[in-house]
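One structure is given here, and the rest of the page talks about it.
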């Protein structure tokens, strides 16, 4: 492995503070409380504050900030909603945190083309608010109300990826401020293109290490004419997962297939008053025309019944569906509430469908063997599942047990052709796992791109690469 | 713009010939006829022969060829079926053509995971032959019986991309021999991953300039339980395209929506005895369950009727469907047969749906104004269309007229947010258009990756970059 960029050679942040204040006036903060608020996302407990936080209002300001930081070799970290789980927004080398939350405009909505252009600081819920009345929606749903810029940067996905794809499938074009402050446009508004290297996909998932996104053209989707949701309980975890594997082979475009184990169902019952049987459970959603939804639902009932599924409960009214998915979105907080005072480690594994039942069962066995409290849930229709580990902060042996279980889960996932992260990204938390997954030659290929585009290494240093 | 790689500094090919013969025995050819067969694809008339053609049988041989050529700084061009349209396989700097056609094995088919692993030299028709009986198929269909390796390299798409996506959506993982002969694996068999930079998408569409693909993991799709196809004639080109735009906004996953103008219908009638009315025509295909297909077909009939569509003819029997799509696949050769002795220039434009009717009408008007014979056809459901220009080789004024029309079409496409190539790639033919589309700063970003991964510039030199 060639040596990575010399991270120790950053310049003093003091050199940029006065020019930033000249440029941005009161939209510059050195306050400790503000810096601490920008020191970490969710999940990974490591808190590493930037030296200064700034709030640009437009792309020209972003470019000016970057040009300045590049000149003085000061680290730059773009910050969205702070919902990332792997330490993407922490500042291990200090520097300037660019809080993008005030760049949250919808620039254009093009119903005929089913696309829109937005600034990166808009959240997915706010975007869907803007889209009301257009007949269109933006489907990618990671649970958290993340910003679109953050979702591009981590190549996010979530509960509806089964039908609508991840961010990798729904970003048409990007405007990006490069390390030196130049602004470039990548991609087009055409549905497809073979014009040169696919830099849109390269940027999508690059975690702020190749540029700061200033504008995003997103693919939108027509709202389905009919939506139905249901929950279904299973006697065992294996039965539930086997049902999902069979459903996935049908090719039917289910909108959502989410798994919650009995611990997670119990947490959601307590937190959201769901009143579900405390058994391994699938939440399903069907989108389409009335006929298509009826057909999908019948297939789902048949397949789940074949695997011992019972208590097939319909959530046909919009308010019942909202309750179900609201509970699913709050699963993370519901689980944390089971252990007041705990911290969280959210495992994120994705494996080929044929390996899913084995992977989930292995995780369950490892968790039980260590005596941990750790619900399993996930977007199992894609082979993606999570374990919510909840160690107590003052219990090092619990943390060690979590590390052992998680490391074994990842080893197993890689051994069956899977990945160490389905949707949360590498950040600071999984740098060693990326090396395990791809080996140093491939990580060096990635880093060669980073080096070529950001020769001074100012863009989100300490992430992805060791 | 920084200067591109110094292409004049290649080493003498003589240095590698004896070692290649030692390595590959009789699978090395210096014969003029063989070199000429590998001097060009379809479309672009430029014929530039390599110095030597080799046929590796496995990845180790590919790596050995690359290591040798890299050591002696000799150009390497990977060759599939020779169906590319933009001069991707020509050898402007001579060198070694690696004919991949003998590396055409299916390594694994995984029905539970709906994927397969193949060598790059297999053609899409051969792959679908291997998949018979599995209930799965590989849907990407560029018309030509291209190799899968070639389709990855040009980011190909085609008639079914509307429903199943392009190569950008159907490549899960790649094994690639780098310029210096090292072998790396990119991507995983999981349905999604956020592990580091998306090198699979970067390789897909890189036209042999970043590595030679030795193994491909492809996403497969379940065969639809029901398939129906139909053709429908329209009074005008605009009416047909407007119908497509309305269909595209429905969100219904039509499998194919292809447009043929009256000239192309006449050509197909003559070539394939279709007996269709010589009017602007759509070919449609519907995939799904019997109910879904019925619903899609009803919607299509209603929308097309609303735009003056008539002669809605069903091709319900498999043999009628095959005849329709066989005719569509032969459209290129059918058109060429209209002008014996002509050469071809296949325009490839993709625009946002809202601009499609205007773009096609503009192309038609330009063609007519120049008095050219040039049918229009295309995958209009994606906003992608082609003009088959057919100038006579000895008529420079016709070539000049073609160049004028095509240049105006591209300018218009770029002005409405489209791309200079929907699916054929850049190759040698569109290097100046890539610069026009993205500007030199973005092309420099692409080239910086090329430079970092292939410092001696041996991989398919003279393509993509000027």
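Chains as they are written, first to last, in full-length UniProt numbering: chain A, 1 to 466; chain B, 1 to 466.
Note that CB positions come from ideal geometry on N, CA and C, so glycine has one too.
Requested in this report: Verify the CB distance criterion: does residue 314 of chain A have a CB-CB separation below 8 angstroms to chain B?
Outcome: Interface with chain B (8 angstroms Cβ-Cβ cutoff): residue 314 of chain A is excluded.
Query raised in the report: Within the chosen definition, does the segment 193 to 205 of chain A reach the segment 234 to 252 of chain A through at least 3 CB pairs nearer than 8 angstroms?
Result: no
Query raised in the report: Under 8 angstroms between the Cβ atoms of residue 140 of chain A and residue 124 of chain A?
Result: yes
Requested in this report: Just confirm the distance between the C-beta atoms of residue 145 of chain B and residue 137 of chain B, as a whole number of angstroms; I'd bet it's less than 8 angstroms.
Outcome: Actually they are not in contact, since the Cβ atoms of residue 145 of chain B and residue 137 of chain B sit about 15 angstroms apart, beyond 8 angstroms.
Report task. Using a Cβ cut-off of 8 angstroms (strictly closer), state whether residue 361 of chain B contacts chain A. Result -> no
Report task. Please list the segments of the alpha helix (DSSP H) lying wholly inside the segment 202 to 269 of chain A, counting only runs of 4 or more residues, in order along the chain. Result -> 237 to 249
**Report entry** Contacts of residue 382 of chain A in chain B (Cβ-Cβ under 9 angstroms)
**Finding:** Under the 9 angstroms cutoff, chain B gives 190, 191 and 192.
Query raised in the report: Any C-beta of chain B sitting closer than 8 angstroms to the C-beta of residue 448 of chain A?
Result: yes
Query raised in the report: Quick one: what does DSSP say residue 10 of chain A is sitting in, helix, strand or coil?
Result: coil
Query raised in the report: Are the segment 416 to 434 of chain A and the segment 349 to 357 of chain A in contact at 8 angstroms, needing three or more beta carbon pairs?
Result: Under the Cβ criterion (8 angstroms, minimum of three pairs), the segment 416 to 434 of chain A counts as touching the segment 349 to 357 of chain A.
**Report entry** residue 3 of chain B to residue 25 of chain A span [Cα, whole Å]
**Finding:** Bear in mind that the predicted position of residue 3 of chain B carries a pLDDT of just 45, short of 50, making it unreliable; the figure below should be weighed with that in mind. Taking the straight line from one Cα to the other gives about 40 angstroms.
Report task. Leaving out five residues on either side along the sequence, give the residues of the same chain with a beta carbon under 7 angstroms from the beta carbon of residue 316 of chain A. Result -> 228
**Report entry** DSSP state of residue 518 of chain A mapped onto helix, strand, coil
**Finding:** An answer regarding residue 518 of chain A cannot be provided, because it is not within the stretch 1 to 466 covered by chain A.
Report task. Evaluate residue 454 of chain A with the Cβ neighbour count: other Cβ atoms within 10 Å of its Cβ, from every protein chain shown; 16 or more gives buried, anything less gives exposed. Result -> Buried.
Query raised in the report: Should residue 221 of chain B be flagged as near chain A, meaning a C-beta pair shorter than 8 angstroms?
Result: yes
Query raised in the report: Looking at the C-beta of residue 410 of chain A, does it have a partner C-beta in chain B at a distance below 8 angstroms?
Result: Proximity of residue 410 of chain A to chain B, defined by a Cβ-Cβ separation below 8 angstroms, is not satisfied.
Requested in this report: From the DSSP output, read off the bridge partner residues of residue 465 of chain B.
Outcome: Looking at the DSSP assignment, residue 465 of chain B forms no beta bridge with any residue, so it has no partner.
Report task. Identify the continuous beta strand (DSSP E) that holds residue 307 of chain B and give its terminal residues. Result -> Looking at the DSSP string, residue 307 of chain B is not in any beta strand (DSSP E), and its letter there is neither H nor E.
**Report entry** Cutoff 8 angstroms: residue 295 of chain B Cβ touching any chain A Cβ
**Finding:** yes
Query raised in the report: What span of residues does the beta strand (DSSP E) with residue 389 of chain A cover, start to end?
Result: 384 to 389
Query - Span of the alpha helix (DSSP H), counted from its first residue to its last, around residue 161 of chain B - result: 161 to 164
Query raised in the report: Bridge partners of residue 110 of chain A, per DSSP?
Result: A:115
Report task. Assign residue 264 of chain B to buried or exposed, taking buried as 16 or more other Cβ atoms, counted over all protein chains shown, within 10 Å of its Cβ. Result -> Burial of residue 264 of chain B is indicated by the presence of at least 16 other C-beta atoms within 10 angstroms of its C-beta.
Requested in this report: Using a Cβ-Cβ cut-off of 8 angstroms, state whether residue 428 of chain A counts as contacting chain B.
Outcome: no
Query raised in the report: Terminal residues of the continuous beta strand (DSSP E) containing residue 185 of chain A?
Result: 183 to 187
Report task. Under 8 angstroms between beta-carbons, which chain B residues line up against residue 249 of chain A? List them in chain order, please. Result -> 111, 112, 114 and 222
Query raised in the report: Whose C-beta lies closer than 6 angstroms to the C-beta of residue 48 of chain A among residues of the same chain, with five residues either side of it excluded?
Result: 39, 90, 91 and 92
Report task. Please compile the residues from chain A whose C-beta is within a distance smaller than 7 angstroms of the C-beta of residue 161 of chain B. Result -> 192
Query raised in the report: For the 8 angstroms Cβ check, are there 3 or more pairs between the segment 216 to 232 of chain B and the segment 294 to 304 of chain B?
Result: yes
Query raised in the report: With distances taken from CA atoms, which of B:269, B:81, B:74 and B:385 is nearest residue 101 of chain B?
Result: B:81
**Report entry** Cross-strand partners of residue 173 of chain B (DSSP beta bridge)
**Finding:** Within the DSSP secondary-structure output, residue 173 of chain B pairs in a beta bridge with B:187 and B:217.
Report task. Taking the CB atoms as reference points, tell me whether residue 427 of chain A and residue 36 of chain A lie closer together than 8 angstroms. Result -> no
Query raised in the report: If you count every other CB in all the chains shown that lies within 10 Å of the CB of residue 150 of chain A, and 16 or more means buried, which is it?
Result: Answer is buried; the Cβ neighbour count reaches 16.
Report task. Give the residues of chain B in contact with residue 11 of chain A, contact being defined as C-beta atoms less than 7 angstroms apart. Result -> Residues of chain B passing the Cβ test: none, with the nearest at roughly 24 angstroms.
Query raised in the report: Do you know offhand how far residue 275 of chain A's Cα is from residue 335 of chain A's?
Result: 16 angstroms
Query raised in the report: Does DSSP put residue 180 of chain B in a helix, in a strand, or in coil?
Result: Residue state, collapsed to three classes: coil.
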